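Since the structure comes first, as structure tokens, the remarks are kept for the end.
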Amino acid sequence: MNWNLKSDRPIYIQLVEHLQLAIISGLLPPGSRVPPVRELAAEAAVNPNTMQKALQELEQSGLVQTQRTSGRTVTQDAARIAAVKTAFAQGEARAFFEKMRRLGYTPQEVAALAEEAARQAGPDRQQ
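Using the UniProt record's numbering, read the sequence shown as starting at 1 and increasing by one per residue.
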């Protein structure tokens, strides 16, 4: 995973978001084993306690489960993953529309820009 952490926000929140994205995008598929805390912490160049805190938050959200003998795994609850994916997309869309509003675009202009960008991106869709 490519960890691109910035100092403008709490690191553990960025770790949660990064791991959430890995799960909802399928990089960490349902039922897959989550790498150990120390391995993830070393890869992200963060303190293991910070990574532990991020993983605990993912556990509380239901995206990750801990099993005593096999460590952490990604939930197999497709509905839970889909709900988090939708919430993530809605948050990104709200942030985008807010930025465009501050730039002076109307919702109709933003929709036209989005349609053009989608057309340029092509029909490919990651499944």
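From the three backbone atoms N, C-alpha and C, an ideal C-beta is built for every residue, glycine too.
Nothing here was measured: the structure is a model prediction, and the numbers come from that model.
_Simplified DSSP assignment, three categories, for R68_ = coil
*asked:* What does the alpha-carbon distance come out to for the pair A121 and M51?
replied: 35 Å
*Does the Cβ-Cβ distance between A54 and Y12 come in under 8 Å?*
yes
*Please check the pair M1 and E43, which I expect to be a contact at CB under 8 Å, by giving their CB distance rounded to whole angstroms.*
7 Å
_For P30 and A78, believed in contact at Cβ under 8 Å, the rounded distance_ = 7 Å
_Quick check: the Cα distance between A41 and Q108, rounded to an integer number of angstroms?_
44 Å
*asked:* Rounded to the nearest angstrom, what separates S61 and A112 at their Cα positions?
replied: 35 Å
_Under DSSP, the alpha helix (DSSP H) around M100 begins and ends at which residues?_
78-102
*Under 8 Å between the Cβ atoms of V34 and L28?*
yes
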